[in-house]
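Worksheet for the structure shown next.
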Amino acid sequence: MNEDHERLVGMVREHVRLHVALAERPAAAIVAATVEHLGDEDDPEQVEAIAWPVVVEELTAHLSAQTGWPEVTDGDRLTAAFRALDAAGIVARENFACCQNCGLGEIGAEVPRGRSVRGYAFYHQQDAEHAVAGDALHVAYGLFEQPPTAEIGEEVAATLRAEGLTVDWAGDPNARIRVPMSWRRRRVGRLAALPAVVRDDLVVDVEVLDGWRGLHAPANGPTPAARLAGLHLPWLPAGTRLRLTHADASVVVRRDGDALVGVYPDGGETRVGRYDGVELTRRLVDLPVGADPVTGPAGFLEVTCQHAAGFEEDVPLDVAETLHLLRRMRPLSRDFLTCVGRSGDCVQTAWEPGGLWVEHLDTSTATSVGRYATLAEVERVLTVLANEDRAMVDELGGLETRRW
1 MNEDHERLVG MVREHVRLHV ALAERPAAAI VAATVEHLGD EDDPEQVEAI
51 AWPVVVEELT AHLSAQTGWP EVTDGDRLTA AFRALDAAGI VARENFACCQ
101 NCGLGEIGAE VPRGRSVRGY AFYHQQDAEH AVAGDALHVA YGLFEQPPTA
151 EIGEEVAATL RAEGLTVDWA GDPNARIRVP MSWRRRRVGR LAALPAVVRD
201 DLVVDVEVLD GWRGLHAPAN GPTPAARLAG LHLPWLPAGT RLRLTHADAS
251 VVVRRDGDAL VGVYPDGGET RVGRYDGVEL TRRLVDLPVG ADPVTGPAGF
301 LEVTCQHAAG FEEDVPLDVA ETLHLLRRMR PLSRDFLTCV GRSGDCVQTA
351 WEPGGLWVEH LDTSTATSVG RYATLAEVER VLTVLANEDR AMVDELGGLE
401 TRRW
């Protein structure tokens with residue numbers, strides 16, 4: 001390995017390690033971001049070839065490390081504090097904009113139309129990167145169209161302290177709030193997904209036959225089957241089909257609940273678990289089973305949602321991934337979760353001006369029953385729906401009926 005190549009590998013690893021720790025992008029998106037970041041340093045194909053094994057290695061190490069973390073980390077406390085600020089009428093955004101100046105220039109666009117807010121708080125991308133490196137996090141705060149005041153700074157600082165974080169701030173409205181912390185962000189669901197482990201792999205040509213109504217769709221064109229099966233197929237939206245071709249053989253793949261169904265030109269049909277999609281491609285060349293079956297995570301829901309990363313429709317999520325999205329829903333936004341159990345029971349939750357609303361939808365009568373609830377109550381409702389296929393909103397008591 002020559003010196004230039006070693007230097008490139010080092011830069012790739014540094015960039016990948018940062019984004020694995022930030023825990024905002026899944027594996028394929030980290031590779032794409034690395035190619036974009038370092039494409040001018042070398043041939044983009046070379047950067048991508050280096051990035052894939054580094055992403056797998058760093059992500060595997062991260063997943064191993066997080067098994068030894070406490071149940072609640074400083075990262076969890078930080079997100080909880082920002083959601084509490086949102087709910088109190090302060091627009092609070094994490095990892096927002098690239099720098100302080102851009103954050104100050106863009107935070108006003110986060111104010112929902114028709115909503116009254118009292119101020120803002122955010123930390124930007126460079127702040128997050130410094131925190132990953134072990135430095136304290138710095139939180140900006142202020143009033144819209146007015147200079148910052150000690151009062152708004154004290155409210156932000158008090159909210160951070162209330163969640164168990166240490167705050168280093170002397171009350172100076174011209175100084176950001178310093179938060180010494182251990183940056184630990186858990187990865188679950190797609191954020192924890194790795195390429196399937198197989199004894200030999202195929203390259204398949206991917207064709208998305210229907211619109212992918214969600215995030216992180218595979219690109220049309222050739223891709224290793226192990227990556228497709230590990231990073232994309234488990235989250236195939238309902239109603240979306242993919243045609244996978246190898247040489248002259250092909251299979252059309254769709255999802256039915258938590259199973260993947262492969263239909264072959266001869267009319268043959270194969271069903272596998274949604275984490276075992278690599279077996280559908282192996283039949284294209286009559287290869288034997290090439291991977292150990294993967295046990296699916298606990299619970300199952302069909303989810304349509306709006307969250308910080310965008311909109312998704314009819315994607316399958318397990319309990320951990322659903323709760324991860326719930327905890328990151330922003331009160332001052334249009335964020336919502338609509339979750340459907342195996343038998344069709346539907347529970348929806350969204351932040352309204354009055355608080356976190358949860359309801360059981362009855363599509364046959366165009367009505368719902370629900371109430372404002374605590375985050376812990378909504379977590380319990382969604383966990384029961386996923387694990388027991390039962391909508392238990394009516395067990396909360398104090399419900400009201402709404403007509404659509």
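Everything in the sequence shown is counted per our numbering, starting at 1 for the first residue and increasing by one.
For glycine and all other residues, C-beta sits at the position ideal for the given N, C-alpha and C.
As the structure is a computational prediction, the values presented were derived from the model and not from experiment.
Partner residues in the beta bridge of residue 371, as assigned by DSSP, are 358. Sequence-distant partners of residue 335 (beyond 5 residues in either direction) whose C-beta falls short of 6 Å from its own C-beta, in its chain, are 306, 307 and 329. When the Cα atoms are used, residue 24 and residue 362 turn out to be separated by approximately 34 Å.
If you draw a straight line from the Cα of residue 226 to the Cα of residue 196, it is about 5 Å long. If you draw a straight line from the Cα of residue 252 to the Cα of residue 71, it comes to about 41 Å. Counting C-beta atoms within 10 angstroms of its own C-beta, residue 376 has fewer than 16 neighbours from the protein chains shown and is therefore classed as exposed. For residue 250, the enclosing beta strand (DSSP E) stretches over residues 249–256. Pairing residue 12 with residue 324, the inter-Cα distance amounts to about 28 Å.
Apart from the 5 residues on each side of it in sequence, residue 277 sits with its Cβ closer than 6 Å to the Cβ of 229, 233 and 260 in its chain, given in chain order. The Cβ neighbour count for residue 242, taken over all protein chains shown within 10 Å, is at least 16; the residue is labelled buried. Its Cα nearest to that of residue 296, the residue 321 stands out among 321, 312 and 385.
Per the coordinates, the alpha-carbon of residue 161 lies some 6 Å from the alpha-carbon of residue 167. By the neighbour-count criterion, in which a residue is buried when 16 or more other Cβ atoms sit within 10 angstroms of its Cβ, residue 311 is exposed. In this structure, residue 326 keeps its C-beta atom at 8 Å or more from the C-beta atom of residue 317. Only residues of its own chain outside the window of five on either side were considered, and among them 82 have a CB closer than 6 Å to the CB of residue 94, listed in chain order. Residue pairing of residue 242 in beta bridges, as defined by DSSP: 208 and 253.
If you look at residue 15, you'll find it in the alpha helix (DSSP H) that goes 3–22. Between residue 130 and residue 178 a beta carbon distance of about 11 Å is seen, past the 8 Å cut, so the two are scored as non-contacting. Here residue 119 is not near residue 96, since their CB atoms are 8 Å or more apart. Per DSSP, residue 177 is one residue of the beta strand (DSSP E) stretching across 177–179.
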